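Here the structure is laid out as structure tokens; the discussion comes afterwards.
Given below as structure tokens:
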């Protein structure tokens with residue numbers, strides 16, 4: 032007997048297939064929904080950024096700012112209802128007056144700007160700035176002009192609020208600052224110049240006062256009854272004047288005061304002067320001056336013996352070479368001066384002395400003729416290596432004073448009053 036074995040084929044059941052198809056459909060639908068939603072969101076954002084109401088708003092803002100920033104602040108008109116604004120500007124840099132105008136207004140859903148000429152007033156061009164305008168209002172806010180622009184294309188709305196300040200206002204602020212800075216600089220310069228001029232005038236007055244005092248000194252005998260004085264003397268080649276006066280006496284010195292004036296500036300200077308004499312120098316010669324080795328030139332303040340900072344000067348009025356010879360060991364507690372215009376390096380022959388400054392004279396000290404007193408001939412004063420005391424009883428005419436010694440120092444001491452010695456040097 033032949034038997035047949037039944038073998039079942041392997042595969043999916045109908046239920047399994049339907050289940051898989053359902054799952055696949057759900058996944059595809061989910062992905063599709065996500066893609067559609069993403070595309071819709073992208074389109075929405077794109078339209079919000081690049082739609083005509085957005086670009087129109089951007090263009091309107093730039094145009095409004097550009098026109099108003101070149102306009103004049105002195106003159107502009109705004110409709111009481113805010114429907115339009117008209118500003119005025121210069122045609123070019125060569126224009127001396129405001130000769131152009133620009134009017135912003137909304138009409139037929141468009142924002143327009145009308146350009147034209149003044150005097151006579153005529154329209155040149157009308158330019159459409161943007162479309163989709165639902166309303167446009169202009170206002171004045173302080174020193175700026177504000178535009179409230181509403182755009183609507185039926186799908187999207189956009190409200191634009193922009194304010195612009197006219198360029199003349201900016202230029203006015205900058206110009207005012209620059210003018211103020213320039214004015215301050217000029218005022219400072221004028222004041223400084225006036226101060227310098229006034230000081231120069233005051234110095235000139237001081238110089239004139241000193242000159243007049245020296246001229247007065249030439250008149251003998253000296254009289255202090257009428258001291259130099261002048262008022263409002265004009266300075267040559269300059270818009271300035273000076274006044275000076277001299278007060279004081281011989282005992283306390285004289286004070287010169289000079290006042291210089293230039294515009295609103297005034298400067299006052301003072302100087303104290305006194306008489307100069309031969310005794311301003313410890314030693315002063317017309318010709319040669321030779322100091323032997325070991326010579327010391329020193330002084331003291333008779334009014335204050337404790338004053339040790341007392342300098343004494345020596346010098347010559349000559350300008351010839353080697354007219355002052357300072358041998359080794361010479362000590363001068365003061366300056367060494369040479370004649371007016373002389374060179375200290377050639378007039379002074381310094382062989383190792385200790386001195387202060389060695390200078391050229393700034394003026395020629397007067398050496399008036401001296402008439403010696405009539406005194407008895409007393410010979411020579413010898414003080415070699417010892418101390419010699421001289422009193423008024425030894426007043427007289429001497430040929431020499433010898434103090435030099437090989438070892439001990441010779442000292443000449445004055446005692447019991449003023450002593451008059453006439454040394455002939457013979």
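In my numbering, the protein residues as written are 32 to 457. Here a beta-carbon is modelled for each residue, glycine too, at the ideal position from N, C-alpha and C. Please read all numbers here as calculations on a predicted model, not as lab measurements.
Item to complete: With DSSP as the reference, please indicate the residues paired to residue 442 in a beta bridge.
Response: 418
Worksheet item: Among 46, 225, 367, which one has its Cα closest to the Cα of residue 342?
Response: 367
Item to complete: Give the DSSP-derived three-state secondary structure of residue 447 in the structure shown.
Response: coil
Worksheet entry | Exposure of residue 317, with buried meaning 16 or more beta-carbon neighbours within 10 Å | exposed
Worksheet entry | Alpha carbon of residue 302 to alpha carbon of residue 276, nearest angstrom | Cα to Cα, residue 302 sits roughly 11 angstroms from residue 276.
Discussion item. With the cut-off set at 7 angstroms, would you say residue 414 and residue 434 are in Cβ contact?
Written reply: It is a contact, given that the beta carbons lie within the stated cut-off.
Practice prompt. Assuming residue 289 contacts residue 236 (C-beta within less than 8 angstroms), just tell me the rounded distance between them.
Written response: 3 angstroms
Worksheet entry | Residue(s) in a DSSP beta bridge with residue 239 | For residue 239, which the question treats as bridged, DSSP gives no partner whatsoever.
Discussion item. Just verifying my parser: in three-state terms, what is the DSSP assignment at residue 287?
Written reply: strand
Discussion item. Which of the three DSSP states is assigned to residue 244 in this structure?
Written reply: helix
Worksheet item: Which whole-angstrom value is the C-beta distance of residue 98 and residue 107, which I expect to be below 8 angstroms?
Response: Actually they are not in contact, since the Cβ atoms of residue 98 and residue 107 sit about 11 angstroms apart, beyond 8 angstroms.
Worksheet item: Considering only the beta carbon of each residue, do residue 285 and residue 304 sit closer than 7 angstroms?
Response: A contact, by the Cβ cut-off of 7 angstroms.
Worksheet item: With 16 as the cutoff for other CB atoms within 10 Å, does residue 389 come out buried or exposed?
Response: buried
Practice prompt. Can you grab the Cα-Cα spacing for the pair residue 104 / residue 111, in whole Å?
Written response: 18 angstroms
Worksheet item: Can you tell me the Cα-Cα spacing of residue 378 and residue 387, whole angstroms?
Response: Answer to the nearest angstrom: the Cα atoms are 16 angstroms apart.
Practice prompt. Output yes if chain C places a C-beta closer than 7 angstroms to the C-beta of residue 276; else output no.
Written response: Going by chain labels, chain C is absent from the structure shown, which holds only one protein chain.
Discussion item. Tell me whether the stretch 60 to 74 and the stretch 122 to 132 touch, counting them as touching only if at least three CB pairs, one residue from each stretch, are closer than 8 angstroms.
Written reply: no
Fill in: Straight-line Cα distance separating residue 340 from residue 292
Taking the straight line from one Cα to the other gives about 40 angstroms.
Worksheet entry | residue 401, buried or exposed, once every other Cβ within 10 Å from all chains shown has been counted against 16 | exposed
Discussion item. Along the chain, where does the beta strand (DSSP E) containing residue 101 start, and where does it finish?
Written reply: For residue 101, no beta strand (DSSP E) run applies, since DSSP gives it neither H nor E.
Discussion item. Which residue wins for smallest C-alpha separation from residue 147, given the options 172, 118, 267, 163?
Written reply: 118
Worksheet item: Thinking just about the alpha-carbon of each residue, which of 68, 193, 185, 165 is nearest to the one in residue 175?
Response: 193
Worksheet entry | Residue range of the unbroken alpha helix (DSSP H) whose run includes residue 376 | 375 to 378
Worksheet item: By DSSP, does residue 123 sit in helix, in strand, or in coil?
Response: coil
Worksheet item: Whole-angstrom Cβ separation of residue 294 and residue 225, contact assumed at under 8 angstroms?
Response: That pair is a contact at about 4 angstroms.
Worksheet item: Distance, Cα to Cα, residue 444 vs residue 417?
Response: Near 10 angstroms, if we compare the C-alpha coordinates of residue 417 and residue 444.
Item to complete: Pick helix, strand or coil for residue 89, following the three-state DSSP scheme.
Response: helix
Item to complete: Would you kindly check if the distance between the Cβ of residue 321 and the Cβ of residue 363 is under 7 angstroms?
Response: no
Worksheet item: Around the Cβ of residue 442, are there at least 16 other Cβ atoms within 10 angstroms (buried) or fewer (exposed)?
Response: Result: exposed.
Worksheet item: Quick one, are the C-beta atoms of residue 360 and residue 392 less than 7 angstroms apart?
Response: no
Discussion item. Between 261, 398, 143, which has its C-alpha nearest residue 156's C-alpha?
Written reply: When only C-alpha atoms are compared, the closest one is 143.
Discussion item. Check whether the stretch 164 to 184 and the stretch 248 to 260 are in contact - that is, three or more C-beta pairs closer than 8 angstroms.
Written reply: Flag = no, the stretch 164 to 184 and the stretch 248 to 260 do not touch.
Fill in: Helix, strand or coil at residue 350 according to DSSP, with G and I counted as helix
coil
Fill in: Paired residues, beta bridge with residue 157 - DSSP
145
Item to complete: Look at the alpha carbon of residue 297 and the alpha carbon of residue 283, and state the distance between them as a whole number of angstroms.
Response: 28 angstroms
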